[in-house]
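Asks:
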Amino acid sequence: MKKRVLVTGAGGFIGHYLVKFLKERGYWVRGVDIKHPEYEATFADEFFLLDLRKFDNCLTSMIDIDHVYALAADMGGMGYIETHKGEIIKNNTLINMHTIEAARLHNVDRYFYTSSACVYPGYKQNITDIAPLKEEDAYPADPEDGYGWEKLYIERVCRHYHEDFGLNARIVRFHNIFGPLGTYDGGREKSPAAICRKIALAASDDEIEVWGDGEQTRSYCYIDDCVDGIYRLMQSDFSEPLNLGQDRMITINELVDIVAKIANKTISKRYDLTQPQGVRGRNSDNTLLRKTLKWEPTVSLEEGLEKTYHWICEELANAGRIPKL
Ligand code: NAD
Numbered sequence: 002m003k004k005r006v007l008v009t010g011a012g013g014f015i016g017h018y019l020v021k022f023l024k025e026r027g028y029w030v031r032g033v034d035i036k037h038p039e040y041e042a043t044f045a046d047e048f049f050l051l052d053l054r055k056f057d058n059c060l061t062s063m064i065d066i067d068h069v070y071a072l073a074a075d076m077g078g079m080g081y082i083e084t085h086k087g088e089i090i091k092n093n094t095l096i097n098m099h100t101i102e103a104a105r106l107h108n109v110d111r112y113f114y115t116s117s118a119c120v121y122p123g124y125k126q127n128i129t130d131i132a133p134l135k136e137e138d139a140y141p142a143d144p145e146d147g148y149g150w151e152k153l154y155i156e157r158v159c160r161h162y163h164e165d166f167g168l169n170a171r172i173v174r175f176h177n178i179f180g181p182l183g184t185y186d187g188g189r190e191k192s193p194a195a196i197c198r199k200i201a202l203a204a205s206d207d208e209i210e211v212w213g214d215g216e217q218t219r220s221y222c223y224i225d226d227c228v229d230g231i232y233r234l235m236q237s238d239f240s241e242p243l244n245l246g247q248d249r250m251i252t253i254n255e256l257v258d259i260v261a262k263i264a265n266k267t268i269s270k271r272y273d274l275t276q277p278q279g280v281r282g283r284n285s286d287n288t289l290l291r292k293t294l295k296w297e298p299t300v301s302l303e304e305g306l307e308k309t310y311h312w313i314c315e316e317l318a319n320a321g322r323i324p325k326l
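Counting in our numbering, the final residue of the sequence shown is number 326, and the numbers go up one at a time with none missing.
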């Protein structure tokens with residue numbers, strides 16, 4: 002019999018791709034979100050518009066469900082998460098506590114929780130010599146204020162629900178997932194989408210604004226690798242937190258240069274040191290990922306950015322913000 006799967010946050014970036022991925026593998030999928038996917042129709046068999054901060058809605062979502070992928074969250078890029086800490090921690094704690102408790106009451110077989118590289122401590126990332134982050138580095142804890150604390154707390158909740166109630170949980174820590182159909186404007190977009198948008202809107206020889214001095218570093222993982230990794234982890238029997246990202250670390254300045262090359266434009270940078278930049282440097286250590294799943298992400302940054310850039314150009318052209326090609 003086909004497994005019945007719930008994807009929360011199915012109107013969001015990763016959730017929408019995950020629904021499609023699971024449908025292609027024969028699952029029956031229910032999506033839940035407070036909004037429909039922004040850029041194309043859902044592939045879910047059933048889609049409920051529900052606010053998962055409310056416990057009753059979480060219970061409704063779980064009816065006849067075998068596997069839960071919990072992706073719903075109030076989130077965004079640095080600009081958003083550094084300026085909405087109270088709101089984020091309130092919304093996400095309510096969503097996640099209610100979702101996991103409803104899953105427990107409904108005896109779901111498997112529960113997948115989406116944590117973040119934001120759980121890693123500032124003292125390992127606000128230094129000059131950045132070492133890739135291993136899963137064990139999350140403690141002693143000093144996560145991203147607000148968003149990261151909630152993620153780390155719910156990781157512990159998953160562990161205790163596993164130990165005390167037998168809830169079969171999987172926990173992933175994403176490192177900057179990007180790709181087409183991701184938010185690219187409006188304040189919640191992440192750095193790859195923001196840079197693609199700025200360069201798409203710029204003329205050749207223009208200057209774009211970069212937050213900070215551009216020497217902050219990150220690693221970026223393409224969405225197709227992300228959903229593949231989610232699925233592999235769900236099939237595994239590994240119940241500890243696991244990194245899911247690329248381990249190629251680059252500066253924001255390098256990211257701008259790669260996108261400018263894809264766009265075939267000469268772009269210079271104007272630095273705004275007053276804007277939030279997050280931690281100074283961050284990279285994923287994929288040793289445990291490779292060992293556990295016998296797999297790691299394969300799509301190159303250039304390939305992923307090329308697809309993302311062209312999709313954002315199309316969106317901007319459809320909105321009349323740049324000429325159609
Ligand atoms: P997203 O913002 O595109 O998707 C999250 C979805 O949750 C949105 O569609 C939103 O409407 C929905 N949501 C918010 N509040 C809700 C509520 N009260 N009830 C029901 N739905 C609600 O984000 P994403 O990039 O797809 O991220 C998915 C998950 O992965 C999130 O938990 C996020 O914290 C985590 N994550 C993502 C990244 C990344 O790089 N994208 C990195 C680390 C962790």
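Using N, Cα and C, we set each Cβ at its ideal position, and we do this for glycine too. Values in this document were obtained by computation on a predicted structure and should not be read as measured data.
Taking 8 Å as the limit between beta carbons, can you name the residues of its chain near VAL257, skipping five residues before and five after?
Replies: Contacts found: ILE196, ILE200, ILE209, VAL211, GLY215, ILE268 and LYS270.
Asks: Is ALA73 closer than 9 Å to LEU53 when the C-beta atoms are compared?
Replies: Yes, Cβ-Cβ distance for LEU53 and ALA73 is below 9 Å.
Asks: Relative to the alpha-carbon of THR94, which residue among ASP75, ARG105, SER285 and MET79 has its alpha-carbon at the smallest distance?
Replies: The residue with the shortest Cα to Cα distance from THR94 is ASP75.
Asks: Please state the DSSP three-state secondary structure of GLU255.
Replies: Of the three classes helix, strand and coil, the one that applies to GLU255 here is helix, per DSSP.
Asks: Taking the continuous beta strand (DSSP E) assigned at THR329, which residues delimit it?
Replies: Outside the shown range of the chain (2 to 326) lies residue 329, about which nothing can therefore be said.
Asks: Closer than 7 Å by C-beta to ARG189: which residues in its own chain qualify, once you throw out the five before and the five after it? Chain order, please.
Replies: If we look at ARG189 and ignore the five residues flanking it on each side, its Cβ neighbours are GLY77, GLY78 and TYR81.
Asks: Could you tell me the distance, in whole angstroms, from the CA atom of ARG283 to the CA atom of HIS107?
Replies: Rounded to the nearest angstrom, the two C-alpha atoms are 38 Å apart.
Asks: For the alpha helix (DSSP H) that contains THR9, what are its first and last residues?
Replies: Not the alpha helix (DSSP H): THR9 falls in the beta strand (DSSP E), residues 5–9.
Asks: Is DSSP giving HIS1 helix, strand or coil here?
Replies: Outside the shown range of the chain (2 to 326) lies residue 1, about which nothing can therefore be said.
Asks: Taking 8 Å as the cut-off, is the CB of MET250 close to at least one heavy atom of ligand 1?
Replies: Because no heavy atom of ligand 1 lies under 8 Å away, the Cβ of MET250 does not count as near it: no.
Asks: Just verifying my parser: in three-state terms, what is the DSSP assignment at PRO144?
Replies: Residue state, collapsed to three classes: coil.
Asks: By Cβ distance, which residues of its chain are closer than 8 Å to ALA261, with the 5 residues on each side in sequence left out?
Replies: So the qualifying residues of the chain are ILE200, THR267 and ILE268.
Asks: Once you ignore the five residues that flank PHE22 on each side, which residues in its own chain have a CB closer than 6 Å to its CB?
Replies: So the qualifying residues of the chain are VAL228.
Asks: Return the Cβ separation of PRO38 and GLY12 in integer angstroms, given the expectation that the two are a contact with Cβ distance under 8 Å.
Replies: The Cβ separation is near 5 Å, so the contact holds.
Asks: Is it the case that the Cβ atoms of SER1 and HIS163 are separated by a distance below 9 Å?
Replies: Here the chain covers residues 2 to 326 and nothing more, so residue 1 does not appear.
Asks: Beta carbon of LYS36: closer than 8 Å to some heavy atom of ligand 1?
Replies: Yes, since a heavy atom of ligand 1 falls inside the 8 Å radius drawn around the Cβ of LYS36.
Asks: Candidates ARG105, ASP130, TYR272 and GLU41: which alpha carbon is nearest ARG160's?
Replies: Closest by alpha carbon: ARG105.
Asks: Please work out which residues of its chain come closer than 8 Å, Cβ to Cβ, to ILE128, disregarding the five sequence neighbours upstream and downstream, and give them in chain order.
Replies: So the qualifying residues of the chain are ARG281 and GLY282.
Asks: Report the three-state DSSP secondary structure of TRP296 (helix, strand or coil).
Replies: Coil, per DSSP.
Asks: To the nearest angstrom, report how far apart ILE90 and GLY149 are at their CA atoms.
Replies: Approximately 9 Å, taken between the alpha carbons.
Asks: Please look up how many angstroms separate the CB atoms of ASP146 and TYR124, rounded, as I've assumed it's under 8 Å.
Replies: Going by Cβ atoms, the distance from ASP146 to TYR124 rounds to 13 Å, so no, they are not a contact pair.
Asks: Here's a check: name, in chain order, each residue in its chain whose Cβ is nearer than 8 Å to the Cβ of LEU153, leaving out the five neighbours to either side.
Replies: Closer than 8 Å at the Cβ level, and outside the excluded window around LEU153, lie SER116, VAL120, ALA139, ALA142 and PRO144.
Asks: Cβ of THR299 versus every heavy atom of ligand 1: is any distance shorter than 8 Å?
Replies: Not so, every heavy atom of ligand 1 lies at least 8 Å from the Cβ.
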